[in-house]
Amino acid sequence: MFYSLSEYLPSGPLEIIATILSTIAVVIFIIAATLKSKNKVILSQSVAHVFLIFSEAVSGAWSSIVQDSISLVRNICVYFKKNTKVVNIILITVGAVVGIYANIFTENFFTPWKGINLGPWYGFLPVIANLEYSVVILKKDINVKWIKLSFAISSFLWAITFILMGKALILSGILNLITGVVALVSFIKIIIKKENIES
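If you're matching positions, the sequence shown starts at 1369 in the numbering used here and goes up one per residue.
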């Protein structure tokens, strides 16, 4: 069965605003992928997460909302150096558990007694993306190159999710794909530069 292109594009003022905000968010992520300071990367990403949370709310992307909210809290903790071992474990666990819950109940997120309502398979990708990125970014002495690689992987997973969801998030999905490529290229450049210095 074929669907019309209009079914995947934003319609109505709220979806158009959400598309604009999610696009700005991904542009911020692209810029963050090129930054060399860990704190600047984290601060920029935090602003982008706020914009995405609104856009995902418009699209009803519950799993994505959970993951972006957790990412925002995680980045704030890292920025203010409050990322203790206990906080790390709590954030990673809450992100994974609530993300999986969101994919199992989807439209019944706030009314689970109405029964299981499984979401699409790609709804689990933001959970995986957030989990792998959290594990990397919460390491206190992590080198920025590994943040870039982890960010690239995370961006690719988010891109797949947003593109398949369509509507207010499709443009963000395409831009997330570009972000992943930018972060991956940035990672490769650091590796090549290091090899050239050592040789």
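Glycine residues also receive a C-beta, built at the ideal position from the N, C-alpha and C atoms. Fair warning: this is a prediction, and the values are worked out from it, not measured in the lab.
Classification of residue i by the beta-carbon crowding that lies within 10 angstroms, buried from 16 upward
{"i": "F1478", "result": "exposed"}
{"i": "N1407", "result": "exposed"}
{"i": "M1369", "result": "Its pLDDT being 43, under 50, M1369 is placed unreliably by the model, and the measurement read from it follows with that caveat. Its Cβ having fewer than 16 others within 10 Å, M1369 is exposed."}
{"i": "S1554", "result": "buried"}
{"i": "D1509", "result": "exposed"}
{"i": "E1424", "result": "buried"}
{"i": "W1481", "result": "exposed"}
{"i": "K1516", "result": "buried"}
{"i": "K1557", "result": "exposed"}
{"i": "V1409", "result": "buried"}
{"i": "I1538", "result": "buried"}
{"i": "K1561", "result": "exposed"}
For residue j and residue i, believed in contact at Cβ under 8 Å, the rounded distance
{"i": "Y1572", "j": "L1411", "result": "Lying outside 1369 to 1567, the shown extent of the chain, residue 1572 is not represented and no answer is given."}
{"i": "V1426", "j": "G1467", "result": "Not a contact, Cβ separation roughly 19 Å."}
{"i": "A1386", "j": "A1527", "result": "With a Cβ gap of about 17 Å, A1386 and A1527 do not count as contacting."}
{"i": "T1391", "j": "S1540", "result": "6 Å"}
Proximity of residue i and residue j at Cβ, strictly below 9 Å
{"i": "V1418", "j": "I1438", "result": "no"}
{"i": "S1432", "j": "T1547", "result": "no"}
{"i": "A1416", "j": "V1394", "result": "yes"}
{"i": "V1512", "j": "S1414", "result": "no"}
{"i": "L1459", "j": "D1436", "result": "no"}
{"i": "F1397", "j": "N1564", "result": "no"}
{"i": "I1444", "j": "K1450", "result": "yes"}
Spatially closest choice to residue i from the options, by CA coordinates
{"i": "I1472", "options": "I1460, V1465, N1485", "result": "N1485"}
{"i": "I1399", "options": "A1551, P1494, I1559", "result": "A1551"}
{"i": "P1488", "options": "W1481, E1500, A1497, E1475", "result": "E1475"}
{"i": "R1442", "options": "N1544, I1388, N1498", "result": "N1498"}
{"i": "L1440", "options": "G1428, F1422, I1565", "result": "F1422"}
{"i": "G1428", "options": "V1455, L1382, N1544", "result": "L1382"}
{"i": "G1491", "options": "N1456, V1455, T1452, I1531", "result": "I1531"}
{"i": "A1464", "options": "E1500, V1454, G1483", "result": "E1500"}
{"i": "W1514", "options": "L1389, I1559, K1453", "result": "I1559"}
{"i": "S1518", "options": "T1452, M1533, V1549", "result": "V1549"}
{"i": "L1493", "options": "G1380, L1389, I1388, W1430", "result": "W1430"}
Heavy atom of the ligand MN within 8 Å of residue i beta-carbon
{"i": "F1492", "result": "Only the bare structure without any ligand can be found here, which leaves the ligand MN out of the picture."}
Is it true that the stretch 1518-1537 meets the stretch 1489-1509, where meeting means three or more beta-carbon pairs spaced less than 8 Å apart?
The count of Cβ pairs closer than 8 Å, one atom from the stretch 1518-1537 and one from the stretch 1489-1509, reaches three, so the stretches are in contact.
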